[in-house]
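Enquirer: Residue numbers (the UniProt record's numbering): 1 to 718.
1) Name the DSSP bridge partner or partners of residue 639?
2) What alpha helix (DSSP H) runs, 4 residues minimum, are completely inside the region 90–129?
3) From which residue to which residue does the beta strand (DSSP E) around residue 209 run?
4) How many Å lie between residue 677 and residue 508 at the Cα?
5) Could you say which of 671, 102, 681, 679 lies nearest to residue 690 if we only look at CA atoms?
6) Any idea if residue 675 is buried or exposed, counting beta-carbon neighbours within 10 angstroms, 16 or more meaning buried?
7) Using the C-alpha atoms, what's the distance from residue 106 back to residue 145?
8) For residue 618, I'd like the list of residues in its chain whose CB is within less than 6 Å of its CB, leaving aside the five on either flank, ordered along the chain.
9) Given a cut-off of 9 Å, decide if residue 246 and residue 199 are closer than it, judged by their beta-carbon atoms.
10) Is residue 694 helix, strand or coil by DSSP?
11) Over the uninterrupted alpha helix (DSSP H) stretch that includes residue 531, give me the two end residues.
12) At what residues does the alpha helix (DSSP H) containing residue 333 begin and finish?
13) Name the DSSP beta bridge partners of residue 59, please?
14) Whose CA, out of 434, 408, 538, lies closest to the CA of residue 599?
15) With which residues is residue 270 paired in a DSSP beta bridge?
16) Closer than 6 Å by C-beta to residue 133: which residues in its own chain qualify, once you throw out the five before and the five after it? Chain order, please.
17) For the beta strand (DSSP E) that residue 483 lies in, which residues bound it at each end?
18) Taking the CB atoms as reference points, tell me whether residue 700 and residue 540 lie closer together than 9 Å.
19) Kindly indicate the opening and closing residues of the beta strand (DSSP E) around residue 554.
20) With a floor of 4 residues, list each alpha helix (DSSP H) that falls wholly inside the region 569–623, ordered by position along the chain.
21) Determine contact between the region 284–301 and the region 387–399, defined as no fewer than three beta-carbon pairs at a distance below 8 Å.
22) In chain order, what residues of the same chain lie with their CB nearer than 6 Å to the CB of residue 342, ignoring the 5 residues before and after it?
23) In terms of alpha-carbon separation, which member of 252, 418, 362, 348 lies closest to residue 724?
24) Under DSSP, the beta strand (DSSP E) around residue 498 begins and ends at which residues?
25) For residue 299 versus residue 365, is the C-beta spacing smaller than 9 Å?
26) Would you decide whether residue 581 is buried or exposed? Buried here means 16 or more other CB atoms lie within 10 Å of its CB.
27) If you follow the beta strand (DSSP E) that residue 296 is part of, which residue opens it and which one closes it?
28) Pick from 81, 708, 282: whose alpha carbon is nearest that of residue 496?
29) Do the region 368–385 and the region 319–333 touch if we need at least three Cβ pairs shorter than 8 Å?
30) Any beta-carbon of chain C closer than 9 Å to the one on residue 226?
31) What do you reckon, are the CB atoms on residue 441 and residue 431 nearer than 9 Å?
32) Hey, is the region 521–537 in contact with the region 563–574, meaning 3+ C-beta pairs nearer than 8 Å?
33) Pick from 101, 138, 127: whose alpha carbon is nearest that of residue 117?
34) Below 8 Å on the Cβ atoms is my guess for residue 179 versus residue 271; work out the distance and round it to an integer in Å.
35) For residue 68, does the three-state DSSP call read helix, strand or coil?
36) What does a CB cutoff of less than 7 Å around residue 519 pick up in its chain, not counting 5 residues either side in sequence?
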């Protein structure tokens, strides 16, 4: 589209007056018909062509009477070979775009004088694209009007102008911040993205130096290296920690290039930069996710194993690495009872306390769910590792106030040492896990160190779990009975404890309860197993009653079963179905089971007591129940853990503990059963100290029902 503007360019001001003067002089000379006049005309035309060569344009003239005159150079450009001096409009204007033809026709019809006009338009000649600028002025001589002008090829300048416009657009709308400086780093120009990133408007930054954005983080050597590279290689790229107008630091990805002049000298610098702070923070977060546990902010399994492998390579022959695997007992019940938010909060609190207790002595990580791993990199003996394990175990049995709830957790720990008990990280983990697994089978809430015997023909947990699902329908489970004897006289049977045994079909022997009970608890199958045991125990009580034997049976109750809302109804239904008096059934619970959720436990226990069922605390002395809660529990019996009985013949502390427990029980009106009695001196001490009942190999091992009935007959039980 043609544009018509008043001439105001430097070209117009410098060259057009000269051109006009020459044309006017030629016009006056042409009226002189003498030879002298024509010589002067030729001289003036020569001067005009020289001027046009300097100006880079083509001359034309229009007279309403004669028509159009085009310079030979313009005719050549337009591909015209006409020898006519004056041309009609139709002779040449058809090569122009229609809009430009209209413009020229407007000039021919115009009555104005001394009007200077400017027109720019594209044109294709000989299949090549051009851009021309047409300049014209109307001259008047004694009423005689004519138009003279110049057609200039501005293709190169227009391309340069377009490039400048594009560059200006890029500068203003680029997503990157851009700063242009002179060779002394004085800022000449910036864009809007620069203001968005650093907070300084253009007026605040022009004339200053980029170092105004510096944060002070980088020292002089950093910037000296940058300058050296800029002046030697012409480019520098890197990350810079800068500070914005509000004082906040940000990470800038910066590219700086030098601009060279005609002689190869540096004239300017152009800085492109982006705020990549969020990107770097996201990358850091990803790295944290790769090596840190999101919930507890402890190292995760991958980080822990990497560190373990590194320390194993550095371990000295005289020192050992201790690995402690710690598993929170019955943690799933916390999630099921109070929700995952409470469970997560408990894990965070436990992790924080464990880390604080461990201090600089080692590293703790969260492996998954409620499992933690502790690496003690410099231990001389197993006793040193166990000392650390005991400290961590104590932490896990403290009262935690979580969201207004008082929770008393417990933990089971397994310990293994490198290189004495393992050759590599995998074996070390395996052995520590075996120790933890065995500790769980022994009743949880305890610590065990790995022993070689733990690795003898163990079955995988997955294999055990798959087989255990079929154990009840395939009738592979049996109850064994261990007698509890009254110390008031010889062969006084006070009752029995029912203990589950598993004899898989097609296999020789049984699978130890220490192997399958933890698996049953982890998979949730412990609830079904527990109800099977209760049903079989009630059935056996009924059978013995039909034989005239009144023998109470004690059954172990798991934490999951205690928290089952249908427990009381199911127990009541079994008692009615088999016509069993409630006092013939006793339920044994560990301290850790009771302390997990005291309020819920109390609700269930009082309901069971109201049925008339006996209640006992098993393994008493190994947990951390307080006297305040013990007084609230509706129990009738305490069972002293075998750990206190084992050394009573020689250990004064164990004897003192047992006497204290007996005194406590007497003050609360409770009966006491001592477990693990294997020798006559042990029984003698317990009987004289006032223990009500004993249970152990001294009186009888756990026996299947047929063998137990034979045992009763031999004892003369009636």
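Glycine residues also receive a C-beta, built at the ideal position from the N, C-alpha and C atoms. All figures in this text were calculated on a predicted structure; none of them were measured in a lab.
Expert: By the coordinates alone:
1) Mapped onto the chain shown, residue 639 falls at position 639. Bridge partners of residue 639 according to DSSP: 673.
2) Correct list: 98–109.
3) For the purposes of this step, residue 209 is taken as the residue at position 209 of the chain shown. Careful: residue 209 lies outside any beta strand (DSSP E) and carries neither H nor E.
4) Position 677 of the chain shown, counting from 1, holds the residue named residue 677. Position 508 of the chain shown, counting from 1, holds the residue named residue 508. Using only the alpha carbons, I get a separation of about 30 Å.
5) By 1-based counting over the chain shown, the position of residue 690 is 690. Checking every option, the nearest Cα to that of residue 690 belongs to 671.
6) Along the chain shown, one-based indexing puts residue 675 at 675. Classification for residue 675: buried.
7) Position 145 of the chain shown, counted from the first residue, corresponds to residue 145. Position 106 of the chain shown, counted from the first residue, corresponds to residue 106. Spanning the two alpha carbons is a distance of roughly 14 Å.
8) Counted from its first residue, the chain shown places residue 618 at position 618. 588, 590, 639, listed in sequence order.
9) Taking the first residue of the chain shown as 1, we reach residue 199 at position 199. Taking the first residue of the chain shown as 1, we reach residue 246 at position 246. Against a cut-off of 9 Å, the Cβ pair of residue 246 and residue 199 comes out as a contact.
10) The residue labelled residue 694 in the question sits at position 694 within the chain shown. Residue state, collapsed to three classes: strand.
11) Within the chain shown, numbered from 1, the residue matching residue 531 stands at position 531. First-last of the alpha helix (DSSP H) with residue 531: 526–546.
12) By one-based count along the chain shown, residue 333 stands at place 333. Start and end: 331–338.
13) As a position in the chain shown, residue 59 is number 59, starting the count at 1. Looking at the DSSP output, residue 59 shares a beta bridge with 150.
14) As a working note, residue 599 is residue 599 in the chain shown. It is 408 whose Cα lies nearest to the Cα of residue 599.
15) Stepping through the chain shown from its first residue, residue 270 is reached at position 270. Partner(s): 180, 257.
16) For the purposes of this step, residue 133 is taken as residue 133 along the chain shown, with counting starting at 1. Closer than 6 Å at Cβ, skipping near neighbours: 120, 152, 154.
17) Taking the chain shown and counting its residues from 1, the one referred to as residue 483 is at position 483. Here the beta strand (DSSP E) through residue 483 covers 477–486.
18) In the chain shown, the residue the question calls residue 700 occupies position 700. In the chain shown, the residue the question calls residue 540 occupies position 540. Residue 540 sits away from residue 700, with the two beta carbons spaced by 9 Å or more.
19) Here residue 554 refers to the residue found at position 554 of the chain shown. Looking at the DSSP string, the run of the beta strand (DSSP E) that includes residue 554 is 553–556.
20) Runs found: 591–596, 598–611.
21) No, the region 284–301 is not in contact with the region 387–399.
22) Taking the chain shown and counting its residues from 1, the one referred to as residue 342 is at position 342. Cβ neighbours of residue 342 beyond the five flanking positions: 402, 403.
23) Residue coverage of the chain in this structure runs from 1 to 718, which leaves residue 724 outside it and unanswerable.
24) By one-based count along the chain shown, residue 498 stands at place 498. Start and end: 492–502.
25) Counting from 1 along the chain shown, the entry for residue 299 is found at position 299. Counting from 1 along the chain shown, the entry for residue 365 is found at position 365. Yes, these two residues count as a Cβ contact at 9 Å.
26) In the chain shown, the residue the question calls residue 581 occupies position 581. When all chains shown are included, residue 581 counts as exposed.
27) Mapped onto the chain shown, residue 296 falls at position 296. No residue range can be given for residue 296, since it is assigned to no beta strand (DSSP E) and is classified by DSSP as neither H nor E.
28) One-based indexing of the chain shown puts residue 496 at position 496. By alpha-carbon distance to residue 496, the top candidate from 81, 708, 282 is 708.
29) Three or more pairs of CB atoms, one per stretch, sit closer than 8 Å, so the region 368–385 contacts the region 319–333.
30) Chain labels in this structure do not include chain C; a single protein chain is all it has.
31) Numbered from 1 along the chain shown, position 441 holds the residue referred to as residue 441. Numbered from 1 along the chain shown, position 431 holds the residue referred to as residue 431. Using a Cβ distance threshold of 9 Å, residue 441 and residue 431 do not count as a contacting pair.
32) Judged by Cβ distances under 8 Å, the region 521–537 makes contact with the region 563–574, as three or more pairs qualify.
33) Along the chain shown, one-based indexing puts residue 117 at 117. For the residues 101, 138, 127, the minimum Cα distance to residue 117 belongs to 138.
34) Reading the chain shown from its first residue, position 179 is the one you call residue 179. Reading the chain shown from its first residue, position 271 is the one you call residue 271. Contact flag correct, Cβ pair sits at about 4 Å.
35) As a position in the chain shown, residue 68 is number 68, starting the count at 1. Taken through DSSP and simplified to helix, strand or coil, residue 68 comes out as strand.
36) One-based indexing of the chain shown puts residue 519 at position 519. A distance below 7 Å between beta-carbons, with the five flanking residues on each side excluded, links residue 519 to the following residues of its chain, in chain order: 461, 464, 465, 468.
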